[in-house]
Amino acid sequence: MIDLHCHLLPGIDDGPQTLEESIELCRIAVADGVTHAIVTPHIHPGRWENTRQSIEQDCENLQSELLKNNIPLQLGFAAEVRLTDQIMQQVDNDEIPFYGEVDGYNIMLLEFPHGHIIPGSDKLVAWLMKHNIRPLIAHPERNKQVMKDIELLQPFIEAGCWLQLTAGSVTGGFGEQAQHIAHQLLQDDAVAVLASDGHNARARQPGLKQAFNAIAGQYGVERARRLTLHTPAVIVASQFEEQAVAV
Ligand SMILES: [Fe+2]
Numbered sequence: 002m003i004d005l006h007c008h009l010l011p012g013i014d015d016g017p018q019t020l021e022e023s024i025e026l027c028r029i030a031v032a033d034g035v036t037h038a039i040v041t042p043h044i045h046p047g048r049w050e051n052t053r054q055s056i057e058q059d060c061e062n063l064q065s066e067l068l069k070n071n072i073p074l075q076l077g078f079a080a081e082v083r084l085t086d087q088i089m090q091q092v093d094n095d096e097i098p099f100y101g102e103v104d105g106y107n108i109m110l111l112e113f114p115h116g117h118i119i120p121g122s123d124k125l126v127a128w129l130m131k132h133n134i135r136p137l138i139a140h141p142e143r144n145k146q147v148m149k150d151i152e153l154l155q156p157f158i159e160a161g162c163w164l165q166l167t168a169g170s171v172t173g174g175f176g177e178q179a180q181h182i183a184h185q186l187l188q189d190d191a192v193a194v195l196a197s198d199g200h201n202a203r204a205r206q207p208g209l210k211q212a213f214n215a216i217a218g219q220y221g222v223e224r225a226r227r228l229t230l231h232t233p234a235v236i237v238a239s240q241f242e243e244q245a246v247a248v
């Protein structure tokens with residue numbers, strides 16, 4: 002499986018704080034069946050000041066540590082970009098790492114605030130799409146406003162956004178409401194990608210297998226493979242020399 006959303010780099014956001022913790026998380030991911038992980042540290046002005054350049058360097062460093070430790074996990078990088086009014090500037094400054102390009106659009110992991118959807122978000126999404134940037138919205142099922150009214154996602158879907166579910170939401174780890182929304186989106190076949198959003202070795206582990214099995218049981222194994230393997234492989238194809246997956 003390919004994990005498109007996880008926090009594995011040490012000391013740069015609310016993921017692992019030390020190299021040892023990072024390596025432990027990578028071991029957990031591999032044991033769970035992950036072969037490729039795209040690290041997605043937060044880019045959140047005023048909170049997590051990461052950039053494409055800094056993330057690329059940190060990713061290379063961790064990859065060489067994994068080689069030294071014989072951990073068979075291929076890393077790529079992007080970022081979880083917080084929706085703020087600074088995104089346009091960040092794009093202009095080339096500070097945002099994208100996953101890769103699909104059908105002429107650079108794919109960007111976009112994070113809404115957890116509590117609500119900021120008025121004007123639709124305009125920002127329209128600006129991004131006009132600049133050939135397609136948002137993959139991070140865990141919409143965990144947004145408190147979406148939990149109350151799933152229809153709030155519709156304008157974003159119609160504008161061209163793709164949706165990323167968090168594995169733990171599917172299996173109930175983020176509560177009943179998030180699980181309910183996750184399954185409604187799965188029933189509507191509105192989900193592009195399933196990812197771990199792993200942060201630590203405790204409650205927020207990297208790994209997809211439990212949710213993979215739940216989705217395979219309920220919606221079929223082909224769906225589970227599409228969300229964890231086929232679509233992610235297309236999105237990050239440019240990041241790996243060999244074909245990341247036998248699709
Ligand atoms: Fe995240």
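If you read the sequence shown in this note's numbering, its first letter stands for residue 2, the second for the next number, and so on.
Ideal placement from N, C-alpha and C gives every residue a C-beta, glycine not left out.
Cβ separation of residue i and residue j, assumed to be a contact under 8 Å, to the nearest whole Å
{"i": "I3", "j": "L228", "result": "Actually they do not touch by this definition, with Cβ atoms about 10 Å apart."}
{"i": "N70", "j": "I13", "result": "Incorrect: roughly 20 Å between the Cβ atoms, too far for contact."}
{"i": "N144", "j": "H115", "result": "6 Å"}
{"i": "G173", "j": "Q165", "result": "Not confirmed; about 18 Å, so no contact."}
CA-to-CA distance, residue j to residue i, given in whole angstroms
{"i": "V31", "j": "A217", "result": "20 Å"}
{"i": "L67", "j": "P120", "result": "42 Å"}
{"i": "S23", "j": "A204", "result": "15 Å"}
{"i": "H35", "j": "G77", "result": "Residue 35 is actually Val in this sequence, not His. Their Cα atoms are separated by approximately 13 Å."}
{"i": "D15", "j": "H8", "result": "8 Å"}
{"i": "T19", "j": "E61", "result": "16 Å"}
{"i": "P17", "j": "Q54", "result": "20 Å"}
{"i": "Y106", "j": "R135", "result": "6 Å"}
{"i": "G221", "j": "F213", "result": "10 Å"}
{"i": "L187", "j": "F241", "result": "29 Å"}
{"i": "I118", "j": "D150", "result": "11 Å"}
First and last residue of the uninterrupted beta strand (DSSP E) at residue i
{"i": "C7", "result": "3-7"}
Nonlocal neighbours in the same chain, by C-beta distance under 6 Å from residue i, ignoring five residues either side
{"i": "T41", "result": "H6, A79, A80, E81, L110"}
{"i": "Q206", "result": "I29, G199"}
{"i": "H45", "result": "R83"}
{"i": "Q75", "result": "H37"}
Chain-order list of residues whose beta-carbon lies under 7 Å from that of residue i (same chain, five-residue window excluded)
{"i": "V248", "result": "At V248, the pLDDT of 42 sits below 50, so the modelled position is not reliable; the number obtained from the coordinates is stated separately. Result list for V248: H231, A234, in chain order."}
Terminal residues of the alpha helix (DSSP H) in which residue i lies
{"i": "N214", "result": "210-220"}
{"i": "N62", "result": "53-69"}
{"i": "G77", "result": "Segment 75-78 is the beta strand (DSSP E) holding G77; no alpha helix (DSSP H) there."}
Residues near residue i by beta carbon distance below 8 Å, same chain, minus five either side
{"i": "W163", "result": "I108, R135, P136, L137, I138, A193, V194"}
Taking 8 Å as the threshold, find out whether the stretch 120-130 comes into contact with the stretch 93-104 through three or more Cβ pairs. Contact between the stretch 120-130 and the stretch 93-104 is absent: fewer than 3 CB-CB pairs across the two stretches fall below 8 Å.
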